[in-house]
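Residue numbers (the working numbering), protein chains in the order written: chain A, 1490 to 1751; chain B, 1469 to 1729; chain C, -6 to 314.
The next block holds one structure in the form of structure tokens; read it before the comments.
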Amino acid sequence: MRTPRRLPGIRSANWMGWLVFLGFVGAWEILSRRSGSLYFPTVTRIVETFAAVWQLPNLSAHVVPSLVRMGEGYGLAALTGTVLGIAMGHWRRLDRFLEPLVEFLRATPPPALIPFALLTMGIGDASKVFVIAFSSLWPILLNARDGVRNVDQAMIETARMFGLKAREVAMRVVAPATMPQLFAGLRTSLGVAFITMVIAEMVGSTNGLGYFILNAQRLFAVPEMYAGIFLLGLLGYLVNVAFERVEGRVLSWHRGSRAVQP
Amino acid sequence: MRPERRGFDRWASVVGAVLVWEAVSQIGILHPAFFPPPSRVLVALVLELRTGEIPKHAWVTLTAYARGLVLALAVGIPWGVLLGRVRSLRRASAVLIEMLRPIPSVAIIPVAILLLGIGEEMRFAVACYAAVWPLLFNTTYGVYNTDPVLVDTARIFGFAPWEVLLRVVVPSALPFIATGVRVSSAVALIVTVTAEMVAGTGGLGFYVKATELGGRIPEMYGGILLLGTLGYLLNHLLRAAEGRALRWYRGAMGRAEEVGG
Amino acid sequence: MRRMAFRMGWAGVVVAILLVCSVSPVPAQAPVRLRVGIIPIVDLLQLFVADAKGYFTEEGLRVETTAMAGGAQIAPAVEGGSLDVGWSNIVSILLARERGFDFVFFAPGAFEVDPHNRVHQLLVPADSPVRSARDLVGKTVAVNTLANIPYLAALAWLDQQGVNPAQVRFVEIPYPDMPAVLSGKRVDAAVVIEPFASVALAQGVARVLDARPFAVFGRRVLVAAWFAKRSWLDRNRQVAAAFNRAIRKANELILRRPGEARALIPRYTRVPADVAERMPLPGFFSTVFDSDVQPVVDVAVKHGLLRRPLKPGDILVRGLR
């Protein structure tokens, strides 16, 4: 079987990508100038506000706590999801045992989790990290499980026939074949973690990007709200670039390890 | 394995979780008034079901969810196939997609309300926005990973580009797409419910919010339980559909190969 | 005779046509559609009464309500025009006004009145060591949002008791979660609204620190009311006046026959009937005085929520009769 290739993502973006982005920004500017609504400020106004708001004090008061919470929640989800997903993909019985519970929990909307998290974990970071981890767990888990499950059985049989040990089969056949789908899940979850971070910070908070955006909404500080949303987009973009770097390393390492194969 | 045993296997984890919940609440580790035991939640849910109001709410939620998901499918899959196949498109849209994707639907709901109003359009547009990303990414990944040898072979055998797409590319991406559909389905349901909580005249999200505001905690958890069940059933439905689609597609592929050979 | 009858017949037809022409476009007869954003809570009792008793219909209005999670969602809907009228707390309208939105209150809403209509209480966990404002220094206090009147009340209350509010940490907790959060001692105090304050007290998880934190605003203060865009009001003065009349009529019924009004609560909210029968209700009055608004503006300015003092007249449109 062929090793699945990694999808070149944002880093493959060239001038065209930025041109399209600029087109989007330009369209916004024109539309908002035409509409004149207070809820639809111009890009110029948002950029001015952005520069004024995102100075060091606000960055350390809101952005740092958010990123820490997200990192913890996502890390927890990545670890649990990968291990549990691979285990469920490998052992059918475990899968059958856990599947109903997983499907049940997965369908629980994060906003509904918040009262429970507040009651059990309090108003500190723990409850937010829990909500983030809980919500971003499922795409990783499902993709890891399906990835393991979709590995060509014939490949495994062949590898065994060639005398590869179980560990070698796992490393050389199952892992490389699973990796792309696992990473697809990790990537989806990164988005989910970002989104849940915002939702989780909207209750029982006094800081964080989610709180900042919600509070700006409540204070009718519309340009500030957009400045928060834009920063969210920008951070999401940067986190994704970092993610792709890691993904590239890991997957090329796997390709390298496969190349040794006779 | 005997079927009864499998049945037990399947539900043991759920039964276990429910028992733990009951115990935690009954013993008072968590205050039963604010975290009611499942027995009370179930009684509340049954009483509410008998008034006949909940099925109406469930129907509202389901239709909004279905519209959001179908729209996400109609947008996400073709777009993903394009991005997976056409390098320049992938490059051109990468920045915009990566900037939009991390923006949560909750943050854009006020904007959506302003532009689209408070009707169903707003709710299903928001659901579609959130649900499209997993589909888009899984489809792109899957399509991009089609074996180039297969594609070249199909070309050499004189398949037209669209035939290559339908007979080689899409079938090989299908497992990825299927996973994307299931993730998107869950996202669509969650976002629909969230939007109903924020602005709604009906739907299970509205029901949960209203019972919460009324201080009826068992009823609120009853609504959440129902949402979980709904998500579970929808996922099962999708699984069954997925199995069929995969079998059908593989069957079609097999025939195509026979014809081609 | 036949000619006569013929003439009369014609005359009848002509009269009939004239009647039809004059009757059909009479606007007073066709109900005017009014889209109203609500929150399914007891504070909106006026609207429930006006709807149930047919006061809106009597005024020629067909009111369509949409339940929203809060003012933060109602405001963009009113701004965007998908709602005509919305329910909002006073602080949000002041903030919106400062930011250039032309939202104004045009019909009276819910008041906190000492001692008969006290719906907000300052609670602490049942076994809390906190006995006074001083004990809250360095502690955490829960309010529903940091852009609402209970937060201002808490600031002014601390200030009045000689405690610098900056020494107290505030967190946002939705009202329905407050009893649970108090029971878990996750916060040191909370400004709780009815019926959740009663729930927390009845469950024995909380104790009253101050039963009248809103007294800092005086005896009577406007908490929330009905708002619209000024531009909409200018175009729809008759409709707004009709809505105002229906609401004031509802006020009267609530005042004269409170039992009948309370019985409507479970129909429009999810508050159980037994709770609705005895929970404290906000006050509903027909006139908003400057003194119902001014103290809120003063506190908001003093604590920096508003940057410049607004006049009550900036957010009130009165004289719709």
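All C-beta atoms, glycine included, are put in the ideal place defined by N, C-alpha and C.
This one's a predicted model, so the numbers in the text were calculated from it and none came from an experiment.
Residues that residue i contacts on chain A, provided the C-beta gap is smaller than 7 Å
i: residue 170/C; result: 1604, 1607
i: residue 1716/B; result: Here the premise fails: no neighbours, minimum Cβ distance about 17 Å.
i: residue 1661/B; result: 1598
i: residue 88/C; result: 1708, 1709
Among the options, the one whose alpha carbon lies nearest that of residue i
i: residue 237/C; options: 35/C, 79/C, 205/C; result: 79/C
i: residue 81/C; options: 73/C, 273/C, 96/C; result: 96/C
i: residue 40/C; options: 116/C, 261/C, 73/C, 287/C; result: 261/C
i: residue 278/C; options: 230/C, 267/C, 119/C, 241/C; result: 241/C
i: residue 1533/A; options: 1721/A, 1741/A, 1712/A, 1506/A; result: 1712/A
i: residue 1740/A; options: 1621/A, 1680/A, 1671/A; result: 1671/A
i: residue 1619/A; options: 1628/A, 1605/A, 1630/A, 1656/A; result: 1605/A
i: residue 1569/A; options: 1660/A, 1632/A, 1543/A, 1715/A; result: 1632/A
i: residue 125/C; options: 53/C, 288/C, 182/C, 31/C; result: 182/C
i: residue 1634/A; options: 1573/A, 1610/A, 1514/A; result: 1573/A
i: residue 276/C; options: 37/C, 32/C, 132/C; result: 37/C
i: residue 284/C; options: 304/C, 268/C, 269/C, 270/C; result: 304/C
Secondary structure of residue i, DSSP reduced to three states
i: residue 190/C; result: helix
i: residue 52/C; result: coil
i: residue 23/C; result: coil
i: residue 162/C; result: strand
i: residue 1500/B; result: coil
i: residue 114/C; result: strand
i: residue 29/C; result: strand
i: residue 213/C; result: strand
i: residue 276/C; result: strand
i: residue 61/C; result: strand
i: residue 44/C; result: helix
i: residue 106/C; result: strand
i: residue 1595/A; result: helix
i: residue 38/C; result: helix
i: residue 1667/B; result: strand
i: residue 1600/B; result: helix
i: residue 18/C; result: For residue 18/C, the predicted structure reports a pLDDT of 42, less than 50, and the residue's modelled location is therefore unreliable. A value from the coordinates is still provided. Three-state result, residue 18/C: coil.
i: residue 1519/B; result: coil
i: residue 296/C; result: coil
i: residue 1630/B; result: helix
i: residue 1587/B; result: coil
Chain A residues whose Cβ lies nearer than 9 Å to that of residue i
i: residue 93/C; result: 1527, 1709
DSSP bridge partner residues for residue i (one or two, in chain order)
i: residue 266/C; result: Paired residues: none, contrary to the question.
i: residue 219/C; result: 80/C, 100/C
i: residue 184/C; result: 115/C
i: residue 203/C; result: 115/C
i: residue 309/C; result: 98/C
i: residue 135/C; result: 164/C, 183/C
Beta-carbon neighbours of residue i, restricted to chain B and to distances below 8 Å
i: residue 1505/A; result: 1556, 1559, 1560
i: residue 1628/A; result: 1602, 1651
i: residue 1732/A; result: None at all; the shortest Cβ gap to chain B is about 10 Å.
i: residue 1589/A; result: 1478, 1479, 1481, 1482, 1700
i: residue 1677/A; result: 1601, 1602, 1605, 1606, 1651
Within chain A, the residues that residue i reaches when beta carbons sit closer than 8 Å
i: residue 163/C; result: 1695
i: residue 105/C; result: Here the premise fails: no neighbours, minimum Cβ distance about 20 Å.
Check whether residue i and residue j have beta carbons under 9 Å apart
i: residue 1582/B; j: residue 1624/A; result: no
i: residue 1698/B; j: residue 1596/A; result: yes
i: residue 150/C; j: residue 206/C; result: yes
i: residue 274/C; j: residue 1586/B; result: no
i: residue 1569/B; j: residue 1560/A; result: no
i: residue 1640/B; j: residue 1615/B; result: yes
i: residue 1642/B; j: residue 1714/B; result: yes
i: residue 212/C; j: residue 107/C; result: yes
i: residue 1674/B; j: residue 1528/B; result: yes
i: residue 84/C; j: residue 141/C; result: yes
Chain-ordered neighbours of residue i on chain C, where CB pairs are closer than 8 Å
i: residue 1692/A; result: 165, 166, 167, 170
Contacts of residue i in chain C (Cβ-Cβ under 9 Å)
i: residue 1704/A; result: 138, 139, 140, 165
i: residue 1718/A; result: By Cβ distance, chain C contributes nothing, its closest Cβ being about 14 Å from residue 1718/A, past 9 Å.
i: residue 1669/B; result: 57, 58, 59, 60
Chain-ordered neighbours of residue i on chain C, where CB pairs are closer than 7 Å
i: residue 1677/B; result: 62
Any non-hydrogen atom of the ligand FAD within 8 Å of residue i CB
i: residue 43/C; result: In the structure shown, the ligand FAD is absent, as is every other ligand, since no ligand is present at all.
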